[in-house]
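Take a look at the structure set out below.
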Amino acid sequence: MQPVEDKQVFPRSEHLKSSLAIKEVMDANQSVYSYPIKCYYDLPEQSGRVSVQLAVTVPKKRFHHAVDRNRLKRLMREGYRLEKHQLLVPEGKCCRLCWIFVAKEMASFAEVREAASSVFQKINLALETQRNEKTV
Numbered sequence: 000m001q002p003v004e005d006k007q008v009f010p011r012s013e014h015l016k017s018s019l020a021i022k023e024v025m026d027a028n029q030s031v032y033s034y035p036i037k038c039y040y041d042l043p044e045q046s047g048r049v050s051v052q053l054a055v056t057v058p059k060k061r062f063h064h065a066v067d068r069n070r071l072k073r074l075m076r077e078g079y080r081l082e083k084h085q086l087l088v089p090e091g092k093c094c095r096l097c098w099i100f101v102a103k104e105m106a107s108f109a110e111v112r113e114a115a116s117s118v119f120q121k122i123n124l125a126l127e128t129q130r131n132e133k134t135v
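Under numbering that gives the first Met the number 0, the first residue of the sequence shown carries the number 0, and numbering increases by one thereafter.
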């Protein structure tokens with residue numbers, strides 16, 4: 000397993016924008032949860048140079064004002080950018096993530112960053128158990 004690059008950046012190449020790719024991630028039925036973030040993930044074969052891609056969503060049903068949704072999306076992207084070094088992606092794979100904000104009230108940056116860290120730890124644990132099951 001290789002760690003994600005150490006640079007704390009979130010370039011456009013890491014943005015998951017394709018609606019088909021996002022649907023594939025949701026249909027993969029692999030998810031972890033750390034309040035206030037629910038993370039769906041998928042591990043297809045690596046097609047490009049990017050090892051991780053992320054999509055961020057905040058439901059309009061819970062946050063009616065666009066400024067609130069945009070703020071939460073900025074917080075989640077920043078939490079991802081600062082904590083992505085924890086994620087260990089298997090060699091030759093690409094990790095596609097879709098984060099959904101599930102809380103009903105506005106969260107602080109500390110809560111979002113802690114949730115991002117916890118999400119990456121849980122994904123690493125799930126990947127480790129999958130790898131151990133394949134070797135047995």
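Cβ atoms here follow ideal geometry from the backbone N, Cα and C, with glycine treated the same way.
On a predicted model such as this, the values are computed, not experimentally measured, just so you know.
Taking C-beta to C-beta, are residue i and residue j nearer than 8 angstroms?
i: lysine 72; j: valine 51; result: no
i: leucine 136; j: tryptophan 98; result: Past the edges of the chain, shown from 0 to 135, lies residue 136, and the structure says nothing about it.
i: phenylalanine 119; j: glutamate 82; result: yes
i: asparagine 123; j: leucine 86; result: yes
i: arginine 68; j: lysine 60; result: no
Out of the options, point me to the one whose CA is closest to residue i's CA.
i: serine 33; options: Met75, Glu132 and His84; result: Met75
i: glutamine 29; options: Leu96, Ala109 and Lys59; result: Leu96
i: valine 101; options: Tyr39, Asn123, Gly47 and Arg80; result: Tyr39
i: glutamate 13; options: Gly47, Lys37, Glu23 and Pro35; result: Gly47
Tell me, which residues are paired with residue i by DSSP?
i: glutamate 44; result: Lys92
i: threonine 134; result: Bridge partners of threonine 134: none, in fact.
State the CB to CB distance for the pair residue i and residue j, rounded to an integer number of angstroms; the pair is presumed to be in contact (CB under 8 angstroms).
i: proline 89; j: leucine 42; result: 7 angstroms
i: valine 49; j: lysine 121; result: Valine 49 to lysine 121, Cβ: 22 angstroms. No contact.
i: lysine 16; j: glutamine 45; result: That belief does not hold up - the Cβ atoms of lysine 16 and glutamine 45 are roughly 18 angstroms apart, past 8 angstroms.
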